[in-house]
Every structure is written in structure tokens, then in C-alpha cells.
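Data first, discussion second: the structure below is written as C-alpha cells.
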Amino acid sequence: MPSNFLMCIGSLPYFVFGIVLWKMARKRKYDSSYITFRFTTIENTVKLVSRRTFSTSTIVNSQQVTVRDALNAALDEEMERDDRVYILGEEVAMYDGAYKVSKGLWKKYGDKRVIDTPITEMGFAGIAVGSAMAGLRPVCEFMTFNFAMQAIDQIINSAAKTFYMSAGKVISPYSSEDHKGLLKAAIRDPDPVVFLENEILYGAQYPMSDEALSKDFIIPIGKAKIERPGNHLTVVAHSRAVELSLEAAKELSRVGIDIEVINLRTLRPLDEQTITKSVVKTKHLVTVEQGWPNSGIGSEICARIIESEAFYHLDAPPVRVTGVDVPMPYTKSLEIIALPQVSDIVAAVKKVLGVKS
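The UniProt record's numbering applies: residue 1 is where the sequence shown begins, and numbers increase by one.
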């Protein structure tokens, strides 16, 4: 018996329920393990409010779309396209989701495809893994990243190890286009995908092209985007850190410093080619993330650059801009201290370039 199957035995009731759920929905032969985990990362308790009235995720023909609307549309379009797609999690159905991302989907698709779960993350994560193994495409929503830790055994020992212990794919989008295109790609991907959402971004509006507004819009997983071309230094960031980096770039441009800002979009697999090409051009590197400094994505990027041919093009050591090594505070004033700010990015860029403030 394969060892990865044995990992499921500890939560066998949830796994079996996932199989039963699948059979109730539709008889299908065994397929690959399709599963998308959605997490919300918390920065503070003050939330931005969207002014849009939801209508079951139909995006109006506007160039400005909130992240919340983009995610809602992605879920609706994929559920409409593929009847194997379903959503489960706490408050995702009748309450329309804690952050209203699943607004209107329960009314449109019913109890079998939008499922409110008990407050047992380990349980419904097991249901998601089991049904994915049976051929469905579950979108398993954890209300916050903290709560996902309650299901870490299912995420690692069931989902990730079933996929040859590779941990699957990890997505960390920034703009509305990122969220819509990458969530659709995650749902269609045949392997486990972790999709990280930043709570502060839900109500933020970003421009969307006509292409992104279409139902066929998909962003390939593993491909970074150059948000701002530049020549003096490369800044690599993901999620809300991209916005901070763009603000820093605007401030630095006033003193003649031209930085290139790369939006990673995907943390695993990492788009090394785009990063390396930019570093070779600018000869300087700063990474920006809101996570902890130890063993973060910035550390990994710096290590890969140093281990590659790009190292010989560097004119100065890379610098990481991160959060501080403490649990996230709930107080706004302490949160500001714990997270990197625009001024921190500006200071890091000037340090690498040898520019005095």
C-alpha cells in the first residue's frame, strides 16, 4: 500500500465523506487530485469596504475592479464552466463568505456546490482532499491563514505528500487581474494549489483590461510580471508589498533613481528567469515581503541569485526588506512597526546603490 495513502487513514471519516459527496454529485471515474486552498493573510482588523453591489459575480464593463469582485467572478466563471468545481468552508454559503468573496454563489449553485462547514478546519480540509482524489475540484477556503494551521496535517500529510511531497504550487497575487486570472488557473490546475489572499486588498480597486474582464482570461502559474521597468535596481515583491514597492519607486524617481519592480505572482514555482534577467540588467537587487525575515521568499531569491551566473553581475550585496520577527500585533500602531513601510524600501534601495539620504 502506498505510504501517501496511509497518511489519509488518520482522518478516514472525512476522507470517506468526501468520496460520498462526490458520488452524490456525479458518477465519474478516478481522476488526478484537483484541489485549491484559499487563505486570507491578516494585516489588521480595519477592513476596506467595497462600494459595489454584488450580483452573483458578474463584473460590469469597467476598468476599475476590486480584488473581491475579481475573485468572486473567477469562482462564478469556473463553477459555471465545470460542474466538478465546488466551494467549502466556514460561512461561505448563506453568509456569502467572511469577506463576501462568495457573494451570491450559494443562491446560484445551491447546497451541493457551496457548502457551509462546521468550525473544524481539519475536518473540511480532509473532505476537500478526499473529494479531489475522487475527481472533483474543491476550493477549500480557510477564513484566515491562522485557522489554516488547524488543518496543517491534511494540507501537508494528505494533499502535499500525495503530490510526491512537492507541496504543489503557491500563489500570492497583487492586483485584481492577478487574483482573477490566477484563481481560475489554480482551479483548473491538476495538482494541489495554495492561494494566498491579503485581507487589506479585498476592497482595493485596480485597473483591468478588456481581456481580463472576459471569461476566458487566465494567467499562467509560475510567471512573474514586470510592473514597472527600470534600469538602476531590481525590486522583487509579492502581494501588497508590490504596491509599497511601486510607491517607493515613485518617490525614488523624484531624485533620479529608476527602479524595476517585479510582481512575483507565484512563489512556487519561482520565475527565476525573469528575476535573473532583470538583475543582470540593473546589477542590484532588493527583495520586499511582509513575512518574517528568517527563511522567507526573499532569502530564497537572494540565495538563487548568488548561486547563479547573475552573481557576477552584482555591483553590491542584495538586501531584504521584511517584517520583523514577531507574531502579527493587533494594535494598528504596533502593526505599522511590524510591517515594512515605503520608507524602509526607499532606505534599502539607497543603501544598495550607495546613495546618501
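Cβ atoms here follow ideal geometry from the backbone N, Cα and C, with glycine treated the same way.
Quick caveat, the model's predicted, so the values are computed rather than measured.
Assign residue i to one of three DSSP states: helix, strand, or coil.
| i | result |
| --- | --- |
| Arg240 | helix |
| residue 383 | Nothing about residue 383 can be reported from this structure: the residues present for the chain run from 1 to 357 only. |
| Asn231 | coil |
| Glu197 | strand |
| Leu252 | helix |
| Leu213 | helix |
| Ser343 | helix |
| Val129 | helix |
| Asp116 | strand |
| Tyr202 | coil |
| Val16 | In this prediction, Val16 scores a pLDDT of 41, lower than 50, which makes its location untrustworthy; no coordinate-derived value is stated. |
| Lys350 | helix |
| Tyr86 | strand |
| Glu247 | helix |
| residue 381 | In the structure as shown, the chain starts at 1 and stops at 357, and residue 381 therefore has no counterpart that could be examined. |
| Lys356 | coil |
| Thr331 | coil |
| Ile226 | strand |
| Thr162 | helix |
| Asp31 | Unreliable placement is indicated for Asp31, whose pLDDT of 39 sits below 50; the coordinate value is still reported in the next sentence. Coil. |
Leaving out five residues on either side along the sequence, give the residues of the same chain with a beta carbon under 6 Å from the beta carbon of residue i.
| i | result |
| --- | --- |
| Gln290 | Ala241, Gly323 and Leu339 |
| His313 | Val280 and Lys283 |
| Ile297 | Leu267 and Glu289 |
Is the distance from the Cβ of residue i to the Cβ of residue j below 7 Å?
| i | j | result |
| --- | --- | --- |
| Ser102 | Ile87 | yes |
| Ser175 | Thr234 | no |
| Val280 | Ala310 | yes |
| Val342 | Glu247 | yes |
| residue 358 | Thr120 | This structure does not reach residue 358, given that the chain is present from 1 up to 357, and the question cannot be answered. |
| His232 | Ile259 | yes |
| Lys180 | Ile218 | no |
| Arg84 | Arg137 | yes |
| Val129 | Gln154 | yes |
| Ala204 | Leu264 | no |
| Ile171 | Thr266 | yes |
| Val349 | Val286 | yes |
| Val288 | Val321 | yes |
| Tyr99 | Tyr202 | yes |
| Ile301 | Val236 | yes |
Among the residues of its own chain, which have a CB less than 7 Å from the CB of residue i, if the five just before and after it don't count?
| i | result |
| --- | --- |
| Gln63 | Pro207 and Met208 |
| Ile187 | Thr36, Glu78, Val85, Arg137 and Val139 |
| Leu252 | Ile259, Val346 and Val349 |
| Asp315 | Lys283 and His284 |
| Tyr109 | Met79 |
Span of the beta strand (DSSP E) holding residue i?
| i | result |
| --- | --- |
| Glu141 | Arg137 to Glu141 |
| Gln273 | From DSSP, Gln273 is part of no beta strand (DSSP E) but of the alpha helix (DSSP H) over Glu272 to Thr282. |
| Arg320 | Val319 to Val321 |
| Leu285 | Leu285 to Val288 |
Quick check on this structure: which residue in the options has the alpha carbon closest to the alpha carbon of residue i?
| i | options | result |
| --- | --- | --- |
| Val326 | Ile226, Leu353, Val355 and Pro293 | Pro293 |
| Ser308 | Lys332, Glu272 and His284 | Glu272 |
| Leu105 | Glu78, Pro190 and His179 | Glu78 |
| Lys169 | Arg320, Val67, Gly222 and Val139 | Gly222 |
| Ala132 | Thr162, Phe195 and Met122 | Thr162 |
| Ala125 | Thr66, Asp315, Lys107 and Phe147 | Phe147 |
| Leu215 | Asp76, Pro173 and Val65 | Looking at the sequence shown, residue 215 is not Leu but Lys. Ranking the options by Cα distance to Lys215, first place goes to Asp76. |
| Gly230 | Ile257, Arg113 and Asp178 | Ile257 |
| Val92 | Thr144, Val67, Ala134 and Val65 | Thr144 |
| Pro220 | Arg254, Pro173, Leu213 and Ser245 | Pro173 |
| Thr274 | Gly135, Ser295, Asp178 and Ile305 | Ile305 |
Would the beta-carbon of residue i be found less than 6 Å away from any heavy atom of the ligand MN?
| i | result |
| --- | --- |
| Arg68 | The model depicted lacks the ligand MN and carries no ligand whatsoever. |
Along the chain, where does the alpha helix (DSSP H) that runs through residue i open and close?
| i | result |
| --- | --- |
| Lys169 | Careful: Lys169 lies outside any alpha helix (DSSP H), inside the beta strand (DSSP E) at Lys169 to Ile171. |
| Asn72 | Val67 to Arg81 |
| His313 | That residue, His313, is in no alpha helix (DSSP H); it is neither H nor E in DSSP. |
| Ile300 | It is worth fixing the name first, because residue 300 is Glu in this sequence and not Ile. Residues Ile297 to Glu307. |
| Ser176 | Ser176 to Arg188 |
| Ala134 | Here Ala134 belongs to no alpha helix (DSSP H), and DSSP marks it neither H nor E. |
| Asn146 | Phe145 to Ala148 |
| Tyr109 | Leu105 to Tyr109 |
What does a CB cutoff of less than 8 Å around residue i pick up in its chain, not counting 5 residues either side in sequence?
| i | result |
| --- | --- |
| Ser333 | none |
| Ser357 | Ala347 and Lys350 |
| Ile226 | Glu260, Val261, Ile262, Asn263, Thr274 and Ser278 |
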